[in-house]
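Numbering (the numbering used here), first residue to last: 981 to 1869.
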């Protein structure tokens, strides 16, 4: 386990160790001595002296460190991630009981999922051909018809886990209310008092076997991000339902199929989960927490036109099971926005009490009581202010009082100080206030250049202002957004005076650039609406209901923008009682529905274009759709090739695992179809698709690995695949890879690489080329039949004939082995092959081969002047038409 842990850490370099979970699963009891030693490592750390060899009779923890092969520091990290699942562990028993309960399900929707998963596992266990196969994440995902984990978990929580929680008295009170059958609770408080943090305490205060499912509405500031709409019912309820199924280990997953009533589907799963939990653990509770619900409502209201947050449907659930509780958290000032029913019991979260502050301080240093008194008074017990204070003096925590003196600080005071400091550096308040207004008005994340234009500043100057306002502002990949909900509120207030002017300026800029800026194309219509520029909005939508493909390359994003524009235009027309124009936009929308279907068909029919030109949204549209699972393979192969070409090898490996899982599902589906109908159909994979695999293999693992993959396929299929792959590698100028493959191939196969390389202007081994062409021409001599598209010859023979002809031209151009050139081209240059009464206009490939062969033969005899003599303009009946002269065969 120690070695596996070390390798896992290496593979996840740069990512938090807290994300790793190590479980020792056994049906035997775990010794108390082992549990005690591991707990010591977690709580007290591992002494550095334990890196020496353990002596008999020594410390038990030292012995465990020695046995693991880890360093003391590595073992401490290992212990933090380690969990025991044993015969004596309640979770082990709970899972066993839960499995028995699930086996008795009869409702078709859930029984079908359970049966599908059971059959999947049974096949892996029983089928001889699957012996030794690993069941991984990718293969399980495909049992739900998706190839991306994001399809089942679209809105993962982004709240940072707090390792050293300060126990709060109100948390105990709240959990007691849940146990006393209070099922609807509102947790509210002012900014920075720890609403999101105390939710992390729930799990430890509820009975064993209880589960707390948290939906994070703020999403680390992404709740306003157009690409992460956390307020929408589809994504929110899919996340909640699947988090619930995952935590309880029940097959009640919600597949994101179109046309579902997601609120009702989640409610059914909630009832089922609660019933199963109550039977195996009657005293346990199932708590659904919606953290920062006011942000979800704000995001829905900010959409143009307004949308409805999932919160509205969730709080309307009337028949909650007795062991289920619903907890909603929000800021006190915005709790009325939630429009909660009177059945919700409010709990206001106060700041830290004096003992709670003392416990928080103890995490940083052993402070005197007087120091703790002052710290509590100067921070007003506000957890986030206390955290800011220690953050400013992290190297010397005893100095945390200094930034709070003389009269203490609130969050607002701290933000004001940051703001004033930024004003001093900027040389005036106007620019900083306008920056705050721009952050409030522009849809986030905001390109730095957009704010720079609004403020008439350079990008560097904008970044300087953002740096002065950190950590409330986050800058990532040349875009700007808020990192802190409290600072977001502060910045909106500070920029209030400038918002109207900034909004108008921003709308005008979007209107001027929506044809050449993707950001402007996406946001111009909502901004025009907010700036009350309805006439301009209608004129824009009338002239361009959908953005230009040259501006927005992603067809899926173009569909979303078009729908947004038409919806807003209809809304403006209705407000102005312009029903005629509204009907026109409705008709445009109706026509667009057919375009949507056509676009989806294009995305599935042309996976290479989808992977390269639609970005992640196009791929996600297909890979997240269970109804399109048969099309996942070709698209994943295209994505694999693209990632390999870009050099993203770690992402390519991840995609490769998903492809492997898809092929296994494909194999099972085809086998089942054949058993049921006597033949297999669907799940098609062609040479174009496998060429992506070959290209990726060559770029990732080198020439020898690509050659081995090539040799796994039947010769005809392998030839078709390799020709496509070679063309791509040549077009991408991957000449080194092709040269390496050509050097490793046998002379018989080498011409398939060497000829395209030479035609691309690259040097090749002419001796090896001639040797290969000689072998090919003896085994597969060129003839009229092999070049006739409409004849009976195979595609393999046609491909070989093309290589022979091209290779002969290469040798002739280099004056090399001319006898071989003559031998290759003779069958097509003789008079009987060129008889006009035996040739037809539609035999274009054959006519081309005959002409080229004849020219090469004449060239060998007459020299280069032959071409000039044979194809020149002549006078006479042909001269007036401007045609080339025609000579008899």
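Here a beta-carbon is modelled for each residue, glycine too, at the ideal position from N, C-alpha and C.
{"Check": "Touch test, the region 1533 to 1552 against the region 1492 to 1512, Cβ-Cβ under 8 Å, three pairs minimum", "Outcome": "yes"}
{"Check": "Buried versus exposed call for residue 1336 [16 or more other C-beta atoms within 10 Å across all chains shown]", "Outcome": "buried"}
{"Check": "Member of 1728, 1716, 1665 whose CA lies at the smallest distance from the CA of residue 1697", "Outcome": "1665"}
{"Check": "Host alpha helix (DSSP H) of residue 1327 (start-end)", "Outcome": "Looking at the DSSP string, residue 1327 is not in any alpha helix (DSSP H); the run it does join, the beta strand (DSSP E), is 1325 to 1328."}
{"Check": "CB-CB length for residue 1617 against residue 1558, believed under 8 Å", "Outcome": "Between residue 1558 and residue 1617 the Cβ distance is about 50 Å, and since that is not below 8 Å, they are no contact."}
{"Check": "Residues near residue 1676 in its chain [Cβ-Cβ closer than 7 Å; skip 5 each side]", "Outcome": "1620, 1621, 1624, 1632"}
{"Check": "Length of the line joining the Cα atoms of residue 1498 and residue 1427", "Outcome": "11 Å"}
{"Check": "Any 3 or more C-beta pairs closer than 8 Å across the region 1263 to 1276 and the region 1309 to 1321", "Outcome": "yes"}
{"Check": "Reduced DSSP category for residue 1464 - H, G, I as helix; E, B as strand; rest coil", "Outcome": "coil"}
{"Check": "Stretch pair the region 1739 to 1753 + the region 1712 to 1730: three plus CB contacts closer than 8 Å", "Outcome": "yes"}
{"Check": "Cβ neighbours of residue 1279 in the same chain (closer than 6 Å, five flanking residues each side left out)", "Outcome": "1203, 1204, 1211"}
{"Check": "Spatial neighbours of residue 1812 in its chain, beta-carbon cut-off 6 Å, leaving aside the 5 residues before and after", "Outcome": "none"}
{"Check": "In DSSP terms, what residue 1833 is bridged to", "Outcome": "Beta-bridge pairing links residue 1833 to no other residue."}
{"Check": "Distance, residue 1674 Cα to residue 1705 Cα", "Outcome": "7 Å"}
{"Check": "Backbone CA spacing between residue 1306 and residue 1231 [nearest angstrom]", "Outcome": "22 Å"}
{"Check": "Residue 1528, buried or exposed, once every other Cβ within 10 Å from all chains shown has been counted against 16", "Outcome": "exposed"}
{"Check": "8 Å contact criterion, which residue 1433 and residue 1144 should meet: CB distance rounded", "Outcome": "With 8 Å as the limit, residue 1433 and residue 1144 do not qualify as a contact, their Cβ atoms being about 45 Å apart."}
{"Check": "Collapsed DSSP secondary structure at residue 1201 in the structure displayed", "Outcome": "helix"}
{"Check": "C-alpha distance - residue 1027 paired with residue 992, whole-angstrom precision", "Outcome": "26 Å"}
{"Check": "9 Å Cβ cutoff met for residue 1369 and residue 1419", "Outcome": "no"}
{"Check": "Residue from 1732, 1256, 1741, 1700 whose Cα sits closest to the Cα of residue 925", "Outcome": "Since the first and last residues shown for the chain are 981 and 1869, residue 925 lies out of range."}
{"Check": "Residue 1325 versus residue 1318: straight-line alpha-carbon distance, rounded", "Outcome": "14 Å"}
{"Check": "Beta-carbon contacts of residue 1834 that lie in its chain and below 6 Å, excluding the five residues immediately before and after", "Outcome": "1809"}
{"Check": "Residue from 1590, 1031, 1636, 1424 with nearest C-alpha to residue 1116", "Outcome": "1636"}
{"Check": "C-beta contact flag for residue 1781 and residue 1767 at 9 Å", "Outcome": "yes"}
{"Check": "For residue 1805, the three-state DSSP class (helix, strand or coil)", "Outcome": "helix"}
{"Check": "Three-state secondary structure assigned by DSSP to residue 1309", "Outcome": "strand"}
{"Check": "Minimum C-alpha distance to residue 1626 - residue among 1779, 1174, 1639, 1592", "Outcome": "1592"}
{"Check": "First and last residue of the uninterrupted alpha helix (DSSP H) at residue 1242", "Outcome": "1242 to 1260"}
{"Check": "Residues near residue 1663 by beta carbon distance below 8 Å, same chain, minus five either side", "Outcome": "1610, 1613, 1646, 1649, 1650"}
{"Check": "Beta-ladder partner(s) of residue 1304, from DSSP", "Outcome": "1266"}
{"Check": "Identity of the residues DSSP links to residue 1271 by a beta bridge", "Outcome": "1196"}
{"Check": "In chain order, each alpha helix (DSSP H) run of at least 4 residues that lies wholly inside the region 1706 to 1779", "Outcome": "1715 to 1724, 1731 to 1739, 1746 to 1759, 1764 to 1767"}
{"Check": "Nearest to residue 1283 (by Cα), restricted to the options 1548, 1814, 1566, 1603", "Outcome": "1548"}
{"Check": "Integer-rounded CB distance, given that residue 1234 should sit under 8 Å from residue 1216", "Outcome": "With 8 Å as the limit, residue 1216 and residue 1234 do not qualify as a contact, their Cβ atoms being about 11 Å apart."}
{"Check": "Which of helix, strand or coil DSSP assigns to residue 1459", "Outcome": "strand"}
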